[in-house]
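Remarks on the structure that follows.
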Amino acid sequence: MAEPVKTPSANRNNGNKLNGESFKNIAQSRKQSNEKRYLSYNEETERTFVSKPAFHISAVVCGERTMEAATMLKSTTIFTDQTVQLHVVAEDELHAELKNIFTQWQTVQSGQVQFKLYSLQFPSGENSEEWKQLFKPCAAQRLFLVDVLTSVDSVLYLDTDTLVLRPVEDIWNHFQRFDISQLASMSPEGEESSITWYPRFARHPFVGENGMNSGVMLMNLTKMRIFPWRENVIGAYHKYKSRITWGDQDLLNIVFHDHPELLYVYSCDWNYRPDHCMYGNNCGAATDNGISVIHGNRGVYHNNKQLFFKAIYTAIRDFKPGDDTKLLANQLAENLRAFSDPYCGAMAKSVLKLPNKFSFKI
0 MAEPVKTPSA
10 NRNNGNKLNG
20 ESFKNIAQSR
30 KQSNEKRYLS
40 YNEETERTFV
50 SKPAFHISAV
60 VCGERTMEAA
70 TMLKSTTIFT
80 DQTVQLHVVA
90 EDELHAELKN
100 IFTQWQTVQS
110 GQVQFKLYSL
120 QFPSGENSEE
130 WKQLFKPCAA
140 QRLFLVDVLT
150 SVDSVLYLDT
160 DTLVLRPVED
170 IWNHFQRFDI
180 SQLASMSPEG
190 EESSITWYPR
200 FARHPFVGEN
210 GMNSGVMLMN
220 LTKMRIFPWR
230 ENVIGAYHKY
240 KSRITWGDQD
250 LLNIVFHDHP
260 ELLYVYSCDW
270 NYRPDHCMYG
280 NNCGAATDNG
290 ISVIHGNRGV
300 YHNNKQLFFK
310 AIYTAIRDFK
320 PGDDTKLLAN
330 QLAENLRAFS
340 DPYCGAMAKS
350 VLKLPNKFSF
360 KI
């Protein structure tokens, strides 16, 4: 597993700073929270109690992203035999469709995968419609998961256009590497400043040399509740809203620029995007370790600009939960065989490395 990247330094804002005394009971609180029983829906729409500790995954779904979101959430369950709890925040009109998709999964029917649907919820006193339309529809909702998932200690938030290619517990285990102050994780937006957006175009503070990408984000919600998270996010928005381009991700960069001690940074193989290979691979960790999470931003799953990424998405979209994972590994290999270009196509081995490894262990 790749070693975590050291969090970049920045000018620290001493206000609202977290410290060891604030978090001395966090470990015990997390343990107790994970042992609590939680609610989820089964195929008969009744509520079912599950007492086994689970890996908690969250997504926000709006507009026409239902199938993309379901494919992403499915990917978190494929290479694990552990209990997975999905927390899906979505527009109310999408709940029935999402529920219909989930209840067809064999892994949901067996109880290994549980899910709960939530309505959108933005801070009172704020313009909800303005927040809802920030950057992409509902993307800003992830900034306020602390208010929605009130009984959840920690969660892995994933953008709907990400795909997990290894056991989800391997991502979750990064929580164990957090120090006492760190409450969230992200990966760098880019590896080379000359082709990375933030150092070239940003008009607001950002983390480190290249800024952070928020598509794969571990969140310790308990720590975030202790820290005045909501106030910092809202304050950053009102101060910089005329200067931000990428909505919620920009706000996260601003908050963590002011509080770098709160952020754990992991390497690019945990959030591999077209930008990492469209001009030739610039993510060495992906070559060394394999790609753990694919992030198909730029809409590449739904256009013909990066067919390499679309081929990965198609294989996982068509895979039936509960089927032999070797079938998926083989389908990925078949889909990627067509690509021999020296750019993204050259990363086929890195894409297949972890599915091949873990498909024989389920």
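Quick note: the sequence shown uses numbering that gives the first Met the number 0, first residue 0, plus one each step. Heads up, the beta-carbon is just placed ideally off N, CA and C, and yes, glycines get one too.
Review point. If you draw a straight line from the alpha carbon of GLY344 to that of LEU326, how long is it in whole angstroms?
Key: 21 Å
Review point. Just to confirm, are SER74 and TYR156 a CB contact at a threshold of 8 Å?
Key: no
Practice item. Identify, in the order they occur along the chain, each residue of the same chain with its Cβ nearer than 7 Å to the Cβ of VAL254, setting aside the five sequence neighbours on each side. Key: ASN231, VAL232 and ALA235
Review point. What number of angstroms, rounded off, separates the C-alpha of ALA347 from the C-alpha of ALA332?
Key: 8 Å
Check your understanding: Got a sec, what are the start and stop residues for the alpha helix (DSSP H) TYR236 sits in?
Key -> 228-239
Point to revise | Run of the alpha helix (DSSP H) containing PHE200, from where it starts to where it stops | key: First-last of the alpha helix (DSSP H) with PHE200: 196-200.
Check your understanding: Pick from ARG297, ALA53, PHE174 and THR195: whose alpha carbon is nearest that of MET211?
Key -> THR195
Review point. Which of the three DSSP states, helix, strand or coil, is assigned to LYS115?
Key: Annotated three-state conformation of LYS115 is strand, per DSSP.
Exercise for review: For THR65, collect the residues of the same chain with a Cβ closer than 7 Å to its Cβ; drop the 5 residues on either side in sequence, then sort them by chain order.
Suggested key: LEU93, GLU96 and LEU97
Check your understanding: Considering only residues of the same chain and omitting the five flanking positions on each side of GLY289, which have a CB-CB separation below 6 Å?
Key -> SER349, LYS352 and LEU353
Check your understanding: Going by beta carbon distance, what residues of the same chain come within less than 7 Å of THR161, once the five residues before and after it are set aside?
Key -> Cβ within range, chain order: MET71, GLY214, VAL215, VAL292, ILE293 and HIS294.
**Study point:** Residues of its chain near PHE121, where Cβ-Cβ distance is below 8 Å and the 5 sequence neighbours each way are ignored
**Key:** SER127, TRP130, LYS131, ALA139, GLN140 and PHE143
Review point. When the Cα of GLU191 is compared with those of LEU116, GLU208 and PHE308, which residue comes out closest?
Key: Taking each of LEU116, GLU208 and PHE308 in turn and checking the Cα distance to GLU191, the smallest one comes out for GLU208.
Check your understanding: Exposed or buried, which one is LEU38 when buried takes at least 16 other CB atoms within 10 Å?
Key -> A caution first: LEU38 carries a pLDDT of 35, below 50, which makes its placement in the model unreliable, though a value can still be read off. Counting the other Cβ atoms within 10 Å of the Cβ of LEU38 gives fewer than 16, which makes it exposed.
Review point. From the DSSP output, which residues share a beta bridge with PRO187?
Key: Looking at the DSSP output, PRO187 shares a beta bridge with MET211.
Check your understanding: Using a Cβ-Cβ cut-off of 8 Å (strictly less than) and excluding sequence neighbours within five positions of ASP247, which residues of its own chain qualify?
Key -> LEU133, PHE134, ALA138, ALA139, ARG141, LEU142 and SER213
Review point. Run through DSSP, which three-state label would GLN132 get?
Key: coil
Exercise for review: Can you tell me which of LEU119, VAL88 and THR82 puts its alpha carbon nearest to the alpha carbon of GLN108?
Suggested key: THR82
**Study point:** For SER57: DSSP bridge partner residues
**Key:** In the DSSP output, where bridge partners are listed per residue, SER57 has HIS86 and TYR156.
Practice item. Name the residue from PRO198, PHE114 and PRO341 whose alpha carbon lies nearest to the alpha carbon of TYR278. Key: PRO341
Check your understanding: Tell me which same chain residues have a C-beta within less than 6 Å of the C-beta of THR177, skipping the five on either side of it?
Key -> A small correction: the amino acid at residue 177 is Phe; Thr does not occupy that position in the sequence shown. Taken in chain order, the residues that qualify are TYR263.
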